[in-house]
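Below: the structure, in structure tokens.
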Amino acid sequence: MKKKDLISITDYTRNDYLRIMELAAEFEKNPNQNLLEGKVVASLFFEPSTRTRLSFETAISRLGGRIVGFSDSSSSSVTKGETLHDTIRMVSNYVDLIVMRHPIEGSARYASEVSKVPVINAGDGANQHPTQTLLDMYSIIKTQGRLDNLKIYMVGDLKYGRTVHSLIMALSEFEGQEFHFIAPPELAMPREYTQFLKEKNIPCYEYTDFTPEVIADADILYMTRVQKERFSDPIEYEKVKNVYILKNEMLKLTKDSLRILHPLPRVNEICTDVDSNPKAYYFTQALNGMYTREAIIAHTLGLK
Amino acid sequence: MKKKDLISITDYTRNDYLRIMELAAEFEKNPNQNLLEGKVVASLFFEPSTRTRLSFETAISRLGGRIVGFSDSSSSSVTKGETLHDTIRMVSNYVDLIVMRHPIEGSARYASEVSKVPVINAGDGANQHPTQTLLDMYSIIKTQGRLDNLKIYMVGDLKYGRTVHSLIMALSEFEGQEFHFIAPPELAMPREYTQFLKEKNIPCYEYTDFTPEVIADADILYMTRVQKERFSDPIEYEKVKNVYILKNEMLKLTKDSLRILHPLPRVNEICTDVDSNPKAYYFTQALNGMYTREAIIAHTLGLK
Amino acid sequence: MKKKDLISITDYTRNDYLRIMELAAEFEKNPNQNLLEGKVVASLFFEPSTRTRLSFETAISRLGGRIVGFSDSSSSSVTKGETLHDTIRMVSNYVDLIVMRHPIEGSARYASEVSKVPVINAGDGANQHPTQTLLDMYSIIKTQGRLDNLKIYMVGDLKYGRTVHSLIMALSEFEGQEFHFIAPPELAMPREYTQFLKEKNIPCYEYTDFTPEVIADADILYMTRVQKERFSDPIEYEKVKNVYILKNEMLKLTKDSLRILHPLPRVNEICTDVDSNPKAYYFTQALNGMYTREAIIAHTLGLK
């Protein structure tokens with residue numbers, strides 16, 4: 015039987031997406047299920063990521079599995095010059111599943127080719143973070159009741175933000191979507207994505223202004239962070255740094271059913287006065303990550 | 015139901031203290047009890063602390079719980095600029111209990127306000143370390159048979175030592191105590207504590223000399239470390255650095271029932287020739303920490 | 015009952031070796047056995063070592079035990095100046111078994127003297143790494159069907175390589191061995207080992223050339239890494255650095271039954287074109303480590 019890795023969001027079909035949504039809802043009702051009894055999962059974080067690691071490790075624990083691994087590469091043999099190939103070959107001998115985060119793009123795919131056991135990509139550099147996309151989708155279906163016919167507004171760094179790219183790919187498998195991209199010109203949505211949407215006849219609109227009027231019609235407002243490091247010219251950064259910040263007062267014109275998502279960690283791109291607005295959903299979104307990751311693990315290992 | 019955090023030793027009443035003593039004795043008889051089956055505990059150490067972390071994590075393991083977390087903040091999202099608020103809101107979504115160590119005073123109280131699940135403070139800077147106080151009390155009741163009518167001698171850094179401050183607060187809930195403070199003038203017991211004792215009519219005495227005669231009448235000798243960093247003037251440190259060191263020969267005049275406590279780690283403030291003296295109790299005290307922490311966890315989650 | 019530490023390979027008798035081989039084979043057939051139910055193992059890695067740590071921690075997990083500990087000393091109280099004595103006394107109070115890796119030679123023996131619970135040495139500096147030797151032996155018996163009458167060829171850094179030294183000691187307990195040492199003069203097998211073999215009438219041969227002809231008759235080819243840091247004169251290193259590298263073409267004259275071992279991590283001393291040769295055994299050897307460590311733990315705690 016072919017092993018079922020999850021490296022890129024496009025490894026999953028529409029049916030996989032729907033299956034994960036169904037399983038995540040099941041795990042939300044009953045998070046503690048002993049499906050991983052007797053199984054050991056390697057949690058290999060070659061760079062730190064509290065949220066993703068803790069939600070994966072909690073998911074594994076709630077499924078009754080054991081965890082071995084490391085939370086940053088300084089405690090690994092990488093410091094001795096071992097190649098990723100050898101580390102993965104070794105670890106895949108010991109365990110039943112590998113969850114891996116690595117700073118280099120493409121490393122997760124490479125690991126999946128080397129490994130005998132399934133690999134779940136928990137983020138490989140600027141490339142892919144598919145479990146984030148699945149938890150975003152679960153947050154959307156939970157709050158909107160559907161994955162189609164959505165008006166999705168994405169704000170901030172749309173150039174380097176891997177989460178928005180993957181979400182576009184996944185949601186475009188469903189009908190009736192409408193995308194709105196709000197970003198400074200330096201961080202605009204790359205042409206390959208706008209082109210992709212055009213070819214699929216999915217409407218998309220671009221803005222540089224982030225105003226209450228622009229987002230009035232949104233079902234989902236997906237915020238991301240504008241990072242100083244992304245700008246070659248610091249003056250350009252100074253110009254835009256306060257433009258893509260969401261304040262509570264900007265939500266007055268929005269729909270009651272709007273929900274605000276953010277992959278977290280947030281720095282200052284959402285003011286804390288938004289946190290108590292019922293439209294703020296990012297902390298619950300993070301919790302959904304635990305159920306979604308239980309679903310992904312169960313699906314990957316064919317336990318459900 | 016209000017959640018029962020343990021942030022400061024004064025969060026507990028006299029009855030809580032006695033209940034913890036009772037439970038700790040029960041766990042000492044039978045350390046492995048499956049009370050945390052199916053539960054996940056976050057062990058968030060924003061600064062390293064082997065002893066406290068390992069004894070908490072062993073306690074959780076012996077109770078059948080699972081652990082997620084980190085052992086220093088470099089493996090956490092704090093490095094990405096995430097606030098403590100967001101980290102705690104996120105983690106408290108995943109788990110059933112948070113054990114937290116943080117270098118900043120007040121951080122534990124703040125975390126308990128943000129968290130949905132109970133928080134146990136495993137030390138917040140120079141402020142509080144209540145589980146240490148409870149294990150000190152358990153060590154006292156085990157060795158002296160009582161928590162009242164004690165002659166407590168505290169030695170070393172009484173100015174910054176959070177453990178001695180908390181122990182004074184806790185033991186002053188019991189009758190007939192007598193406190194003796196032995197410290198260099200620069201590190202004397204702060205006035206707020208001597209004043210507090212005076213107001214409660216609890217006798218306390220201060221000394222700068224650490225001699226066999228001074229401690230002859232002690233029931234408990236609580237040693238702490240005099241750290242160079244605490245002194246503004248290095249000459250002052252040089253003057254006192256060898257004065258507050260306990261040597262075995264200094265114990266000749268002391269009672270048979272005396273027991274020596276130290277929160278550990280010790281550097282050189284207790285000579286190793288004391289270790290084999292039956293009055294040395296600090297390693298058993300550390301072991302008591304495991305049972306006491308099992309008791310605190312069970313009490314916090316209402317499992318007993 | 016005397017506790018059964020494993021600090022040096024010579025702590026074990028010939029019977030112990032054979033018992034471990036037997037148990038390892040049993041765990042290979044059935045890796046998940048709940049022998050450590052209710053037990054807590056301290057995994058104390060004072061320096062990083064992914065392979066050893068992960069295989070130990072997986073072994074403990076597959077035996078149903080719980081793990082506490084640290085993966086490098088920066089998260090431990092060592093940074094506060096605590097002595098190894100105090101750390102071990104404290105930890106041995108909490109747990110049922112200690113697995114320890116430490117950069118200082120002799121530290122493991124010292125820990126075993128301080129600890130109340132058994133200690134397994136997972137490597138103490140350049141001194142000993144006995145569990146590696148036992149997994150090497152298990153790899154030999156699995157592939158050659160015997161532990162005696164072997165032609166063992168060791169290549170590379172034979173001066174500082176603790177794994178080759180221990181393997182010589184262990185295998186010399188069995189009859190009919192023949193040792194061949196291939197190394198640059200600066201890294202030749204120390205006289206104490208060649209002398210030891212001479213006294214036991216075990217033939218051994220030394221070479222500086224690493225050629226296909228030299229290894230044609232080998233049963234086991236044990237590769238190790240030539241590290242730049244070992245040379246006082248960089249020119250000497252430059253001269254030999256490419257001489258002790260195994261390439262696939264060098265294996266043409268070797269026996270079908272030859273197996274290549276390496277303690278890993280490898281850097282460049284075995285070309286990756288060897289990996290797919292059926293004589294390459296180092297990744298399976300690493301896997302054998304898990305079963306062997308399960309065997310060692312069970313043997314140490316008298317669980318089998």
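Chains as they are written, first to last, in the numbering used here: chain E, 15 to 318; chain X, 15 to 318; chain R, 15 to 318. Backbone N, C-alpha and C fix where the C-beta goes; we use that ideal spot for every residue, glycine too.
**Study point:** Extent of the continuous alpha helix (DSSP H) run through residue 42(R)
**Key:** Residue 42(R): member of the alpha helix (DSSP H) spanning 28-43, first to last residue.
Exercise for review: Assign residue 86(X) to buried or exposed, taking buried as 16 or more other Cβ atoms, counted over all protein chains shown, within 10 Å of its Cβ.
Suggested key: So residue 86(X) counts as buried.
**Study point:** Cutoff 8 Å: residue 46(R) Cβ touching any chain E Cβ
**Key:** When Cβ-Cβ separations below 8 Å define contact, residue 46(R) makes contact with chain E.
Check your understanding: Of all the CB atoms in chain B, is at least one closer than 8 Å to the CB of residue 138(R)?
Key -> Looking for chain B here will not work: the only protein chains present are E, X and R.
**Study point:** Three-state secondary structure assigned by DSSP to residue 221(R)
**Key:** In the three-state DSSP reduction, residue 221(R) falls in the strand class (E or B).
Check your understanding: Apart from the five residues just before and just after residue 146(X), which ones in its own chain have a Cβ nearer than 6 Å to its Cβ?
Key -> For residue 146(X), where only same-chain residues beyond five positions count, the Cβ hits under 6 Å are 177, 277.
Check your understanding: Near residue 167(R), which residues of its chain fall below 6 Å by C-beta distance, leaving aside the five closest residues on each side in sequence?
Key -> Correct list, in chain order: 194, 229, 232, 235.
**Study point:** Bridge-paired residues (DSSP) for residue 236(R)
**Key:** Per DSSP, 168(R), 275(R).
**Study point:** 7 Å CB neighbourhood of residue 322(X) in its chain, flanking five on each side removed
**Key:** Because chain X in this structure spans residues 15 to 318, residue 322(X) falls outside the shown range and cannot be described.
Check your understanding: So, are the CB atoms of residue 136(R) and residue 304(R) less than 8 Å apart?
Key -> No; because the gap between Cβ atoms is not below 8 Å, this pair is not in contact.
Point to revise | residue 227(E) versus residue 21(X): straight-line alpha-carbon distance, rounded | key: Straight-line Cα distance between these residues: approximately 46 Å.
Exercise for review: Report the rounded CA-to-CA distance for residue 82(E) versus residue 83(R), giving the unit in angstroms.
Suggested key: Each residue's Cα considered, the two are about 12 Å apart.
Exercise for review: For residue 307(R), collect the residues of the same chain with a Cβ closer than 7 Å to its Cβ; drop the 5 residues on either side in sequence, then sort them by chain order.
Suggested key: So the qualifying residues of the chain are 69, 70, 73, 145.
Review point. Is DSSP giving residue 249(X) helix, strand or coil here?
Key: Look at residue 249(X) here: in three-state DSSP terms it is helix.
Check your understanding: Would you say residue 148(R) and residue 154(R) are within 8 Å of each other, going by their C-beta atoms?
Key -> No. Outside cutoff.
Exercise for review: Could you tell me whether the Cβ of residue 80(E) comes closer than 8 Å to any Cβ of chain R?
Suggested key: Yes, contact with chain R.
Check your understanding: Relative to the C-alpha of residue 100(R), which residue among 290(R), 63(R), 75(R), 126(R) is closest?
Key -> In terms of CA proximity to residue 100(R), 126(R) leads the group 290(R), 63(R), 75(R), 126(R).
Check your understanding: Hey, is residue 283(E)'s beta-carbon within less than 8 Å of any beta-carbon in chain X?
Key -> Using a CB distance cut-off of 8 Å, residue 283(E) does not count as an interface residue toward chain X.
**Study point:** Residues sharing a beta bridge with residue 211(R), DSSP
**Key:** BP columns for residue 211(R) are empty, so no partner.
**Study point:** 9 Å Cβ cut-off: residues of chain X touching residue 103(R)
**Key:** Per Cβ cutoff of 9 Å: 289, 297, 300.
Review point. Is the beta carbon of residue 55(X) within less than 7 Å of some heavy atom of the ligand NAD?
Key: The ligand NAD is not part of the structure shown, which contains no ligands of any sort.
Check your understanding: If contact means a Cβ-Cβ distance below 8 Å, which residues of the region 259-273 of chain E contact chain X?
Key -> From the region 259-273 of chain E, no residue has a Cβ closer than 8 Å to chain X.
Review point. Are residue 29(E) and residue 76(E) closer than 8 Å when you measure CB to CB?
Key: One thing to note: residue 29(E) has its Cβ no nearer than 8 Å to the Cβ of residue 76(E).
Exercise for review: For residue 278(R), return the contacting residues in chain E, with the cut-off set at a CB-CB distance below 9 Å.
Suggested key: Close partners of residue 278(R) in chain E (Cβ separation under 9 Å): 91, 96, 100, 104.
Practice item. Could you tell me if residue 163(E) is buried or exposed, where buried requires 16 or more neighbouring beta carbons within 10 angstroms of its beta carbon? Key: The residue in question, residue 163(E), is exposed, as its Cβ has fewer than 16 Cβ neighbours within 10 Å.
Exercise for review: From the DSSP output, in three-state form, read off residue 303(R) for me.
Suggested key: Here residue 303(R) sits in helix by DSSP.
Check your understanding: When DSSP builds the beta bridges, which residues end up paired with residue 149(R)?
Key -> For residue 149(R), which the question treats as bridged, DSSP gives no partner whatsoever.
Point to revise | Of the listed residues 290(R), 266(R), 19(R), nearest to residue 128(R) (C-alpha basis) | key: Closest by alpha carbon: 19(R).
Review point. Which residues, in order along the region 137-171 of chain R, keep a beta-carbon less than 9 Å from a beta-carbon of chain E?
Key: Listed in chain order, the positions of the region 137-171 of chain R with a beta carbon within less than 9 Å of a beta carbon of chain E would be empty, since no residue qualifies.
Review point. Exposed or buried, what is residue 187(R) when buried is set at 16 or more other beta-carbons lying within 10 Å of its beta-carbon?
Key: Under a 10 Å Cβ-count criterion, residue 187(R) is classified as buried, with 16 or more other Cβ atoms of the shown protein chains found around its own Cβ.
**Study point:** Alpha-carbon spacing of residue 139(X) relative to residue 118(E), whole angstroms
**Key:** Their backbone Cα atoms lie some 37 Å apart in a straight line.
Point to revise | is_contact[residue 88(R), chain X] using C-beta, thresh 8 Å | key: Judged by the 8 Å Cβ criterion, residue 88(R) is in contact with chain X.
Check your understanding: Does the beta carbon of residue 65(X) come closer than 8 Å to any beta carbon on chain R?
Key -> Interface residue, yes.
Review point. So, does the CB of residue 62(X) fall closer than 8 Å to a CB anywhere in chain R?
Key: Closer than 8 Å: yes.
Review point. Would you report the Cα separation of residue 251(X) and residue 66(X), rounded to the nearest angstrom?
Key: Approximately 28 Å, taken between the alpha carbons.
Exercise for review: Report yes or no: do three or more beta-carbon pairs, one from the region 284-292 of chain X and one from the region 265-274 of chain X, lie closer than 8 Å?
Suggested key: Look at the beta carbons and you see the region 284-292 of chain X touching the region 265-274 of chain X: at least three pairs across the two are nearer than 8 Å.
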